[in-house]
Amino acid sequence: MDCYLDPGEAGFAAFKALPRDQPIHMLNLLRFRDRAEYPADHPNAEKGWTGRQAYAEYGRTSGPIFQRVGGRIVWRGAFQVMVIGPEDRQWDDGFVAEYPTSAAFLEMITDAEYRKAVVNRTAAVIDSRLIRFNPGKGSGNGF
1 MDCYLDPGEA GFAAFKALPR DQPIHMLNLL RFRDRAEYPA DHPNAEKGWT GRQAYAEYGR
61 TSGPIFQRVG GRIVWRGAFQ VMVIGPEDRQ WDDGFVAEYP TSAAFLEMIT DAEYRKAVVN
121 RTAAVIDSRL IRFNPGKGSG NGF
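Heads up: the sequence shown at position 45 corresponds to 45 in full-length UniProt numbering, and the numbers run straight through without jumps.
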C-alpha cells in the first residue's frame, strides 16, 4: 500500500499552474499513526503522543497562520465506511478547508512559523490525501 504525506513534484507544479486568484477548497483525508513519530531531537518526541494528539498540536500551532491567510474549515466528518474505493483505505479524519485564493494557501505553507508547525503533521500522519477543488463549480440541486 502506497502512503502519501507530502505533495509530489508533479502534483505541486500542477497546483501552482492553476489560477491563484480564485477561492479553493482543499479536501483533506487523514490516517493517523498509532504513535506519533517525531525526530529524536524534537521537543515533542518524548511525550508519547498518539498520531491524533500530534495532529491536534499541528492544528493548535498552524491554526493562527491558517486563519491569518483567510482559511476556514467548511466541513469536517468522521470516516465510517468505504462504499466505493479500495477497501484497504481507511481514513481517521476528513475535512474541507476553504482558502480565499490559492495564493493564500501558498502563503501559509511558505510561512516560517507554519514550517515549524508542520513537523507535528508529519509526526502524526501515516497516510493522507490533499485534493484541490474549485468551490464555484458543480453547485446546485442536481448531479
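Using N, Cα and C, we set each Cβ at its ideal position, and we do this for glycine too.
Residue i vs residue j beta-carbon contact at 8 Å
i, j, result
"Gly48", "Arg33", "no"
"Phe95", "Ile109", "no"
"Ser102", "Asn28", "no"
"Ile24", "Arg132", "yes"
"Asn120", "Ala54", "yes"
"Ala124", "Tyr58", "yes"
Alpha helix (DSSP H) segment containing residue i, residue limits
i, result
"Ala103", "102-110"
"Arg12", "Per the sequence shown, the amino acid found at residue 12 is Phe instead of Arg. Taken as a continuous stretch (DSSP letters only), the alpha helix (DSSP H) holding Phe12 covers 9-17."
Backbone CA spacing between residue i and residue j [nearest angstrom]
i, j, result
"Arg60", "Val69", "15 Å"
"Ile65", "Gln80", "30 Å"
"Tyr99", "Trp75", "13 Å"
"Pro7", "Thr122", "12 Å"
"Gly77", "Phe12", "26 Å"
"Met26", "Ala97", "5 Å"
"Ala17", "Gly85", "29 Å"
"Ala14", "Pro43", "35 Å"
"Pro19", "Asn134", "10 Å"
"Gly136", "Gly71", "16 Å"
"Gly9", "Asp111", "Correcting the residue identity first, residue 9 is Glu in this sequence and not Gly. Their backbone Cα atoms lie some 19 Å apart in a straight line."
"Glu46", "Val83", "38 Å"
"Leu130", "Leu5", "9 Å"
Of the residues the options, the one placed nearest residue i, counting alpha carbons only
i, options, result
"Cys3", "Gln90, Ala40, Glu57", "Gln90"
"Gln22", "Pro43, Ala40, Leu106, Glu9", "Leu106"
"Ala36", "Glu113, Gln67, Val118", "Val118"
"Ala56", "Leu30, Leu18, Ile131", "Leu30"
"Ser62", "Arg20, Pro43, Glu113, Ala17", "Glu113"
"Asp93", "Ile126, Gln67, Glu87, Ala45", "Ile126"
Boundaries of the beta strand (DSSP E) in which residue i is found, first to last residue
i, result
"Glu57", "Segment 51-68 is the alpha helix (DSSP H) holding Glu57; no beta strand (DSSP E) there."
"Arg129", "125-133"
"Ile24", "24-32"
"Val96", "93-99"
"Val83", "No beta strand (DSSP E) holds Val83; DSSP gives it neither H nor E."
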